[in-house]
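In terms of the numbering used here, the sequence shown is numbered consecutively and its last residue is 906.
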Amino acid sequence: MRTQVAIIGAGPSGLLLGQILSRAGISTLILERQSADHVLGRIRAGVLEQGTIDLLEAAGVGQRLQRQGLVHGGFELLFKGARHRIDLQALTGGRQVMVYGQTELTRDLMEARAAAGQPSVYQASELSIHDFAGQQPRVRYVSQGRQHELACDFIAGCDGFHGVCRASVPRGAITEYEKVYPFGWLGLLADVPPVSPELIYANTERGFALCSMRSTSRARYYLQCPLTDTLSQWTDQAFWAELKNRLDPQAREQLITGPAIEKGIAPLRSFVAEPMRFGRLFLAGDAAHIVPPTGAKGLNLAASDINYLSAALREFYQDSSSAGIDSYSARCLRRVWRAERFSWWFTSLMHQFPEAGGFGQKLQEAELDYLVHSSAAATALAENYVGLPLD
Ligand code: APR
Ligand code: PHB
Numbered sequence: 516m517r518t519q520v521a522i523i524g525a526g527p528s529g530l531l532l533g534q535i536l537s538r539a540g541i542s543t544l545i546l547e548r549q550s551a552d553h554v555l556g557r558i559r560a561g562v563l564e565q566g567t568i569d570l571l572e573a574a575g576v577g578q579r580l581q582r583q584g585l586v587h588g589g590f591e592l593l594f595k596g597a598r599h600r601i602d603l604q605a606l607t608g609g610r611q612v613m614v615y616g617q618t619e620l621t622r623d624l625m626e627a628r629a630a631a632g633q634p635s636v637y638q639a640s641e642l643s644i645h646d647f648a649g650q651q652p653r654v655r656y657v658s659q660g661r662q663h664e665l666a667c668d669f670i671a672g673c674d675g676f677h678g679v680c681r682a683s684v685p686r687g688a689i690t691e692y693e694k695v696y697p698f699g700w701l702g703l704l705a706d707v708p709p710v711s712p713e714l715i716y717a718n719t720e721r722g723f724a725l726c727s728m729r730s731t732s733r734a735r736y737y738l739q740c741p742l743t744d745t746l747s748q749w750t751d752q753a754f755w756a757e758l759k760n761r762l763d764p765q766a767r768e769q770l771i772t773g774p775a776i777e778k779g780i781a782p783l784r785s786f787v788a789e790p791m792r793f794g795r796l797f798l799a800g801d802a803a804h805i806v807p808p809t810g811a812k813g814l815n816l817a818a819s820d821i822n823y824l825s826a827a828l829r830e831f832y833q834d835s836s837s838a839g840i841d842s843y844s845a846r847c848l849r850r851v852w853r854a855e856r857f858s859w860w861f862t863s864l865m866h867q868f869p870e871a872g873g874f875g876q877k878l879q880e881a882e883l884d885y886l887v888h889s890s891a892a893a894t895a896l897a898e899n900y901v902g903l904p905l906d
């Protein structure tokens with residue numbers, strides 16, 4: 516079996532790369548460990564930067580997004596019991612973001628791939644990658660009880676943080692930078708109208724809270740919680756009571772509660788692996804980097820990696836040039852580190868850190884006060900939130 520680009524992982528990174536390459540006439544095979552239903556069952560953030568939307572439209576998967584996505588021209592910061600609006604549009608010369616769940620985007624990409632007749636293997640197990648330091652990489656995997664070997668020109672490691680691709684790079688060829696945060700996010704999804712038409716990011720002495728949404732009838736809420744908490748401690752009732760505790764009086768009154776349709780606790784991590792290319796293996800998306808979810812940069816960074824990688828591969832096949840391949844890692848990492856910095860900063864500003872104490876809380880409140888009253892500071896927040904340019 517042979518393909519031009521073997522794509523490992525059918526998350527947003529792998530599926531978007533497959534979609535763009537397929538439209539450029541480059542053959543791909545996507546190999547995914549889980550079933551398609553399992554992949555579609557994962558609930559993740561859903562705020563798209565304009566650059567991500569442009570990329571999805573150019574890839575031919577923008578139709579449902581344009582119909583169903585919610586355009587947001589601002590969001591609110593809640594601290595010391597009061598809400599303050601960050602007017603993204605006014606601060607960035609008209610730029611906005613779109614709220615559209617990653618699950619929906621994944622579904623659109625899977626449907627587009629099926630419609631284009633491009634092959635994917637789900638439930639591919641025991642996957643291993645070989646010879647990517649040379650000219651003829653290979654991928655071995657087991658599907659339906661049979662061993663397969665795939666020959667290819669390139670391997671795209673789009674297999675997420677726990678994937679096999681980054682782990683296959685020889686030790687010493689990779690440097691990892693990591694910060695683990697001393698708390699998690701407890702998320703709850705419910706079919707209730709969102710408390711407010713825009714997102715609310717709340718800094719409180721009880722911990723961070725976020726009011727988000729998936730649609731006008733489906734709300735997504737998060738609470739900062741200790742990593743030692745378990746889901747059994749967090750009944751729906753306990754969740755709603757604590758969320759109310761972290762909101763302002765008006766939001767508390769307007770909050771509509773209902774049964775959770777999903778609940779989970781996720782740890783927060785900042786992580787970057789450098790470089791993002793080893794011979795004919797490329798890492799993209801969560802396989803190469805993780806940001807904490809504050810600011811929702813994870814999916815947007817995955818999209819920007821795929822923008823650079825798809826352009827590099829098109830250049831290789833269409834113009835016989837390796838220039839894009841050679842500059843892939845450095846181009847990605849420049850944008851990755853700027854998003855890492857923003858996500859770390861926004862996380863640090865909004866959460867309770869066990870060691871920070873009262874002094875830390877006062878500093879956060881002073882910085883938030885400065886942010887909402889200084890157009891210079893608010894502009895820096897807004898331009899990062901809507902997304903730095905893809906250059
Ligand atoms: N073999 C095949 N597939 C694998 C393997 C393996 N050994 N290991 C992992 N995978 C698959 C996972 O099952 C998953 O479907 O790779 C896929 C990786 O997908 P994601 O984790 O969604 O990563 P990515 O596509 O880079 O998407 C980044 O996801 O986590 C969010 O914030 C992040 O929104 C961002 C986006
Ligand atoms: C979400 O809706 O899941 C979400 C939104 C914004 C964030 C993080 C998560 O910053």
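Don't be surprised by glycine CBs; every beta carbon is placed ideally from N, CA and C.
Query: Is R559 near the ligand APR, in the sense that its beta carbon is under 7 Å from a heavy atom of that ligand?; Result: yes
Query: For H553, does the count of other Cβ atoms within 10 angstroms reach 16, so buried, or fall short, so exposed?; Result: exposed
Query: From which residue to which residue does the beta strand (DSSP E) around L703 run?; Result: T690 to A705
Query: Which first and last residues belong to the alpha helix (DSSP H) in which Q879 is found?; Result: G872 to H888
Query: Hey, could you find the ends of the beta strand (DSSP E) I780 is sitting in?; Result: A775 to E789
Query: My assumption, with CB atoms under 8 Å, is that A705 sits in contact with A734. Please give the rounded CB distance.; Result: 6 Å
Query: Taking the alpha carbon of P904 as the reference point, which residue from C847, E641, H888 and G561 has its own alpha carbon closest?; Result: C847
Query: Going by alpha carbons, who is nearest to A671 out of Q638, G526 and L738?; Result: G526
Query: Considering only their Cβ atoms, is the gap separating L665 from Q922 smaller than 8 Å?; Result: The chain is shown only over 516 to 906; residue 922 falls outside these bounds and no answer can be derived.
Query: So which of L585, L828, C726 and A631 has the shortest CA-CA distance to R792?; Result: L828
Query: Here's the rule I'm using: 16 or more other beta-carbon atoms within 10 Å means buried, otherwise exposed. How should I805 be labelled?; Result: buried
Query: Suppose you measure from the CA of A892 to the CA of L642; what does that come to, to the nearest Å?; Result: 47 Å
Query: With respect to the alpha helix (DSSP H) encompassing M625, which residues constitute its N-terminal and C-terminal limits?; Result: Q617 to A630
Query: Should A631 be labelled buried (16 or more other beta-carbon atoms within 10 Å of its own) or exposed?; Result: exposed
Query: Throw me the rounded Cβ distance for the A817 and D801 pair, which I believe falls under 8 Å.; Result: 7 Å
Query: Can you look up L828 in the DSSP assignment and give me helix, strand or coil?; Result: helix
Query: Cα-Cα, which of E777, P741, P774 and Y736 is closest to L758?; Result: Y736
Query: So, under 8 Å CB-CB, P634 and L544 are touching, yes? Tell me the CB distance rounded to an integer number of Å.; Result: 5 Å
Query: Between which two residues does the alpha helix (DSSP H) harbouring A551 extend?; Result: A551 to L555
Query: Taking the alpha-carbon positions, what's the K694 to L864 distance?; Result: 16 Å
Query: Please state whether DSSP places T772 in a helix, a strand or coil.; Result: coil
Query: Give a yes or no on whether the C-beta atoms belonging to C953 and I522 are separated by under 8 Å.; Result: This structure cannot speak to residue 953, because the chain is shown only from 516 to 906.
Query: Measuring alpha carbon to alpha carbon, tell me which residue in R600, R850, A826 and Y900 is nearest G540.; Result: A826
Query: Closest to A551 by C-alpha separation, out of T621, L593, G875 and Q833, would be which residue?; Result: T621
Query: Closer than 7 Å: is that where the CB of A808 sits relative to any heavy atom of the ligand PHB?; Result: According to the sequence shown, residue 808 is Pro rather than Ala. Checking the Cβ of P808 against the ligand PHB gives yes.
Query: Would you say A811 touches the ligand PHB, meaning its beta carbon is less than 7 Å from a heavy atom?; Result: yes
Query: Tell me whether the beta-carbon of S612 lies closer than 8 Å to the beta-carbon of L603.; Result: Checking the sequence shown, residue 612 turns out to be Val, not Ser. For V612 and L603, yes; Cβs fall inside 8 Å.
Query: Less than 8 Å between the beta carbons of F797 and L762, yes or no?; Result: no
Query: May I ask which residues mark the beginning and end of the beta strand (DSSP E) holding M728?; Result: A724 to S730
Query: Which runs of the alpha helix (DSSP H), 4 residues or longer, sit entirely within the stretch 555-594?; Result: 565-573 and 578-583
Query: Is R729 buried or exposed, if buried means 16 or more other CB atoms sit within 10 Å of its CB?; Result: buried
Query: For the pair the stretch 567-582 and the stretch 860-876, tell me if three or more CB-CB distances fall below 8 Å.; Result: no
Query: Look at V679 and I644 and say whether their C-beta atoms are less than 8 Å apart.; Result: yes
Query: Quick check: is any heavy atom of the ligand APR less than 7 Å from the C-beta of S528?; Result: yes
Query: With burial defined as no fewer than 16 other Cβ atoms inside 10 Å of the residue's Cβ, what is the status of Q617: buried or exposed?; Result: buried
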